[in-house]
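Colleague: Input: one structure, supplied below.
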Amino acid sequence: MFSVKQLKPTFKSYLPPVQTDVKKNIQPPIKKLEARLLPGEIVVNEANFVRKCIGAESSHDDLWGKLICTNFKVSFITHDALPKERFQVANRLLGEHDIPLTCLEQVVTVNDTKGKKKVLGSNQKLKFNPTELILYCKDLRIVRFCFDEAGPESAKKVCLAIAHYTHPADPQLLFGFEYVWRQYHGSTEERMNGSSPRGGSKTPLFDCSSEWDREIKRTGAAEWRVCSINERYAISPSLPEYFVVPASLADQDLKQYSQFFTDQRIPLWCWNHPNGSALVRMASISDPLQQKRLDQRICNAIIKSHPQRSEVVKSDLDKSVPNIQDIQNAFVKIRQICVMDPFEESEEKWLSSIENSQWLDYVRAVLKHSAEVVYLLEGKNASVILQEEEDRDLNCVVSSLVQIMLDPHYRTLTGFQTLVQKDWVMAGHRFLDRCNHLKKNDKEQSPLFLLFLDCVWQIMNQYPSAFEFTETYLVVLSDSMWIPVFSTFLFNCPRHHAETITDFAKSKSVPSGEEDVLHFPPVWNWSQQFFVKDQNLFHNPMYVGKGARCVQNGAVKSFRRTKHKSYSSTLRGMPSSLRNGVNGSNGTLPRRNSLAVLKADFFQLREEEVSPSEHFFRDWFSRPADPQGLLLPVLLPSHLALWKLYFLRWVPEACIRGGGFVAAYHKLSQLADEIETLQSQLRRYKGPSPAPAPPSGPSRPSSDQSKMYFKASSSYEPSPPPEYLSSSFPFSPVGNLCRPSLHGTPISKFLNGAKIWLSTETLANETL
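Here it is in structure tokens:
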């Protein structure tokens with residue numbers, strides 16, 4: 132009896148409820164699937180047994196897990212391993228399968244059995260049980276989830292929650308406000324990766340007069356001063372509290388003039404050329420009766436600030452470059468072609484579709500106008516006023532590009548961030564509206580910042596050694612627009628930032644005077660998102676800096692730019708093989724399926740037909756380039772390329788396994804690191820003290836000193852196997868685009884460097 136009583140509980144212990152030996156053998160006990168949450172982040176809804184689609188043709192490689200909606204992101208948690216081990220940079224704010232809610236363009240639910248499809252908005256009802264959820268993202272991802280095994284009610288609830296939280300009605304409903312509120316109450320350990328109020332960045336924020344003073348001194352703008360009449364935004368609601376104006380204009384005059392400008396945006400200084408010419412921007416004059424009088428007074432003040440009293444030229448961007456709606460329409464078309472539509476059967480058809488989207492036409496138009504402004508500042512020694520209706524959109528694009536072409540400081544990492552902070556954030560670019568974070572008015576949405584980054588990439592693509600940062604940095608910067616915790620991209624102007632913080636502080640009963648503690652960090656402290664090692668991906672191994680070291684005849688020397696009165700004497704254009712944008716010695720570009728040849732627009736003209744501007748450009752392109760001097764882009768359509776890393780990074784058939792940009796970057800980084808090691812050894816041998824005996828192994832700088840992501844391997848050790856790389860580096864397209872993965876498509880020719888073939892008429896009329 133006793134032994135029988137013992138057998139009964141022993142038998143039951145082998146078969147506990149809802150568990151079998153088979154399941155135990157297949158999968159060992161695992162931890163509960165839970166999302167990694169930031170301070171202030173809460174789970175709103177979730178659904179179990181959800182399948183994330185990796186490929187559209189079969190579900191063999193799909194991932195199973197939990198789909199979670201928080202007040203910050205859509206998160207997918209899985210214990211499944213991805214089909215292939217691959218290289219990836221980890222973001223400290225987002226997981227591998229996370230999508231910020233502000234990054235979602237459309238939330239689409241599908242019921243396959245009933246053949247129904249619905250685009251969900253805020254507070255909408257869903258009358259059918261979804262079998263699929265498709266998320267269209269602003270960073271061009273398309274992510275698909277299937278609810279085959281999930282409960283219909285939980286699937287419906289998580290879809291409605293995602294749609295609702297993607298469309299906040301007020302800025303204070305964006306996650307960043309909960310985040311800073313938790314940091315205000317949290318301990319120092321809970322603060323964002325230990326960031327300081329200014330983000331721990333060397334980038335000036337231009338929220339105080341001293342930082343404007345430093346920029347005045349750096350550019351040598353002796354006849355300009357920092358103006359404080361807009362303190363507490365007393366004059367203009369969209370200008371910063373401090374900005375730079377001509378020294379000859381009194382504050383009282385500026386206050387009087389402001390009432391006649393749109394949004395009271397009086398002229399705003401951007402930059403000074405070493406020859407004394409100034410780049411200025413301003414809104415249009417709203418009162419036509421005051422137009423002539425104000426123009427004359429503003430121009431006279433700018434002329435007085437010039438040492439040679441040179442003329443002032445006004446450039447009306449509303450008439451000379453595409454408008455923001457045209458730019459938005461072109462972006463929608465190129466997104467459709469690159470991401471949503473399948474690739475065409477013929478290469479020419481797909482490339483002609485890219486051309487017909489007009490995106491590259493608008494990139495060229497903006498670069499061309501910027502180059503013309505450069506000619507006025509550099510070639511004619513004239514000051515330039517960029518005028519736009521509100522002075523908050525295309526003025527930001529053109530003024531920034533002009534400064535990048537003229538000033539090598541803005542081609543460094545810190546300098547570029549300074550430029551964006553000065554000419555975009557503090558100048559009042561409406562990031563909240565143009566990014567459409569609140570989904571209030573789609574007509575206000577326009578990818579102007581992306582257009583600017585694309586233009587920068589075009590110049591970088593032609594002069595790779597002139598930029599300290601990489602195209603990976605540009606892509607990461609564009610992605611950061613959709614993470615709603617950075618002040619850089621979350622507000623429409625400095626006043627909007629300040630007032631929103633004040634209103635939020637009042638709603639939370641923050642004591643008076645402590646509003647500044649509710650601080651939105653700028654994006655420029657990259658340690659908020661990436662570890663130091665990953666930030667090394669931002670550094671260009673080919674960069675030739677102002678003090679870059681080189682070795683000549685065994686001696687370590689430094690590269691220095693020859694000092695002249697102006698940049699033009701040292702800044703010249705393309706190498707001889709690409710002078711004036713023409714390949715070969717015969718001045719023609721070969722064309723496929725065409726008998727036409729491209730005439731060299733400047734060199735074919737008779738001397739008496741050449742205008743002063745054409746003389747300037749022709750002279751510049753005929754000389755070797757100086758990476759630390761003036762840069763002018765080659766603007767022939769055949770030299771402007773699609774920014775593949777941005778537009779094609781999520782496309783499986785565009786992904787080059789083990790190749791593309793990353794393969795070149797990998798080798799260049801290793802070479803640069805090896806050169807740095809050798810230079811370190813040379814400095815030891817050439818030093819004043821007797822050189823020690825050569826070490827048995829290679830001497831290299833410490834890892835924290837090198838800016839290279841990939842380090843050179845020791846010559847005494849076998850090379851380690853390379854990490855898994857692809858051309859989408861450091862972004863993996865696996866699981867982020869719902870489409871068939873095709874290989875060997877005609878588009879491969881384009882990915883390997885083929886140009887866009889244009890019509891005979893277009894090529895015949897190519898000009899700078």
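Residue numbers for the sequence shown follow the working numbering, beginning at 132 and rising by one.
Think of the CB as a built atom: it goes at the ideal place given N, C-alpha and C, for glycine as much as any other residue.
1. What three-state label does DSSP hand W400 in the structure shown?
2. Are the CB atoms of W613 and C290 nearer to each other than 7 Å?
3. Are there three or more Cβ pairs, one per stretch, closer than 8 Å when the region 524-537 is compared with the region 787-795?
4. Run the proximity test for Y506: is its beta-carbon closer than 6 Å to any non-hydrogen atom belonging to the ligand MG?
5. Residues in the same chain with beta-carbon distance under 7 Å from L138, minus the five sequence neighbours each way, listed in chain order, please.
6. Across the region 299-309 and the region 617-636, are there enough close Cβ pairs to call them in contact, namely three or more that are closer than 8 Å?
7. Taking G171 as the reference, give the member of V311, P398, C200, Q759 with the closest Cα.
8. Ignore the nearest five residues each way along the sequence and tell me which others in W400's own chain have a CB closer than 6 Å to its CB.
9. Counting along the chain, where does the beta strand (DSSP E) carrying R514 start and finish?
10. Can you say whether M557 is buried or exposed, counting buried as having 16 or more other CB atoms within 10 angstroms of its CB?
11. Which of helix, strand or coil does DSSP assign to I157?
12. Going by DSSP, what residue range makes up the beta strand (DSSP E) through C339?
13. State the start and end residues of the unbroken alpha helix (DSSP H) segment that holds E486.
14. Per DSSP, what kind of secondary structure is M557 in: helix, strand or coil?
15. Enumerate in chain order the residues of its own chain whose CB-to-CB distance from G546 is below 6 Å, with the five nearest sequence positions on each side excluded.
16. So, helix, strand or coil for N242, using DSSP?
17. From the DSSP output, in three-state form, read off G643 for me.
18. For K204, count neighbouring C-beta atoms within 10 Å of its own C-beta (all shown protein chains included) and say buried if the count is 16 or more, exposed if not.
19. In the structure shown, what three-state DSSP assignment does Y674 receive?
20. Rounded to a whole number of angstroms, what is the C-alpha to C-alpha distance between K798 and T808?
21. What do you reckon, are the CB atoms on W588 and R272 nearer than 7 Å?
22. Sorted by chain position, which residues of the same chain lie with C-beta nearer than 7 Å to I199's C-beta, five sequence neighbours on each side aside?
23. Per DSSP, which one or two residues make a beta bridge with L251?
24. My assumption, with CB atoms under 8 Å, is that E520 sits in contact with D449. Please give the rounded CB distance.
25. Residues bridged to W355 by DSSP?
26. Who are the near neighbours of T631 in its chain, counting only those whose CB is closer than 6 Å to its CB and skipping five residues on each side?
27. In whole angstroms, give me the CA-to-CA distance for Q489 and A461.
28. Please return the same chain residues whose Cβ sits closer than 6 Å to the Cβ of F562, not counting the five positions on each side in sequence.
29. E602 and L802 - do their beta-carbons sit closer together than 7 Å?
30. Does the distance from the CB of D524 to the CB of L569 come in under 7 Å?
31. Measuring straight from C-alpha to C-alpha, what distance separates Q552 and H650?
32. Once you ignore the five residues that flank R542 on each side, which residues in its own chain have a CB closer than 7 Å to its CB?
33. Does the beta-carbon of S367 have 16 or more other beta-carbons within 10 angstroms, so that it is buried, or is it exposed?
34. Take A281 and list the residues in its own chain whose beta-carbon comes closer than 7 Å to its own, dropping the five residues that flank it on each side.
Modeller: Answer, in terms of the structure:
1. Secondary structure at W400: strand, using DSSP grouped into helix, strand and coil.
2. Contact: no.
3. Too few Cβ pairs lie closer than 8 Å, so no.
4. Among the components of this structure there are no ligands whatsoever, and the ligand MG is therefore not found.
5. Only weak support is given to the placement of L138: the predicted model assigns it a pLDDT of 43, under 50, and the value that follows is read from those uncertain coordinates. No residues qualify anywhere along the chain.
6. Contact holds: three or more Cβ-Cβ distances are below 8 Å.
7. The residue from V311, P398, C200, Q759 with its alpha-carbon nearest to that of G171 is V311.
8. In the same chain as W400, and ignoring 5 residues on each side of it, the C-beta atoms closer than 6 Å to its own belong to W355, V375, V411, in chain order.
9. Checking the displayed sequence, the identity of residue 514 turns out to be Ser instead of Arg. Segment 514-519, the beta strand (DSSP E) holding S514.
10. With 16 or more Cβ atoms within 10 Å of its Cβ, M557 is classed as buried.
11. Unreliable positioning characterises I157 in this predicted model, as indicated by a pLDDT of 47, which lies under 50. The coordinate reading is nonetheless provided below. Helix.
12. From DSSP, C339 is part of no beta strand (DSSP E); its letter is neither H nor E.
13. Per DSSP, E486 belongs to the alpha helix (DSSP H) from 478-487.
14. Taken through DSSP and simplified to helix, strand or coil, M557 comes out as coil.
15. H540.
16. Reduced to three states, the DSSP call for N242 is strand.
17. The residue asked about is misnamed: residue 643 is Ser in this sequence, not Gly. Under the three-state reduction of DSSP, S643 is assigned to coil, being neither helix nor strand.
18. So K204 ends up on the buried side.
19. Three-state result, Y674: coil.
20. Distance between the alpha carbons of K798 and T808: 15 Å.
21. At least 7 Å separates the beta-carbon of W588 from that of R272.
22. In the same chain as I199, and ignoring 5 residues on each side of it, the C-beta atoms closer than 7 Å to its own belong to A166, V174, E177, S206, I208, in chain order.
23. DSSP output for L251 lists V238 as bridge partner(s).
24. Rounded to the nearest angstrom, the Cβ distance from E520 to D449 is 6 Å, consistent with a contact under 8 Å.
25. Here W355 is bridged, per DSSP, to P377.
26. Cβ within range, chain order: P302.
27. Rounded to whole angstroms, Q489 to A461 spans 6 Å at the Cα level.
28. These residues qualify, in order along the chain: F620.
29. Note that the C-beta distance between L802 and E602 is not below 7 Å.
30. No.
31. Each residue's alpha carbon lies about 17 Å from the other.
32. For R542, same chain residues with a beta-carbon under 7 Å away, outside a window of 5 residues either side, are I535, A597, F598, E599 in chain order.
33. S367 is buried by the Cβ-count criterion.
34. Closer than 7 Å at Cβ, skipping near neighbours: A178, N179, F180, V181.
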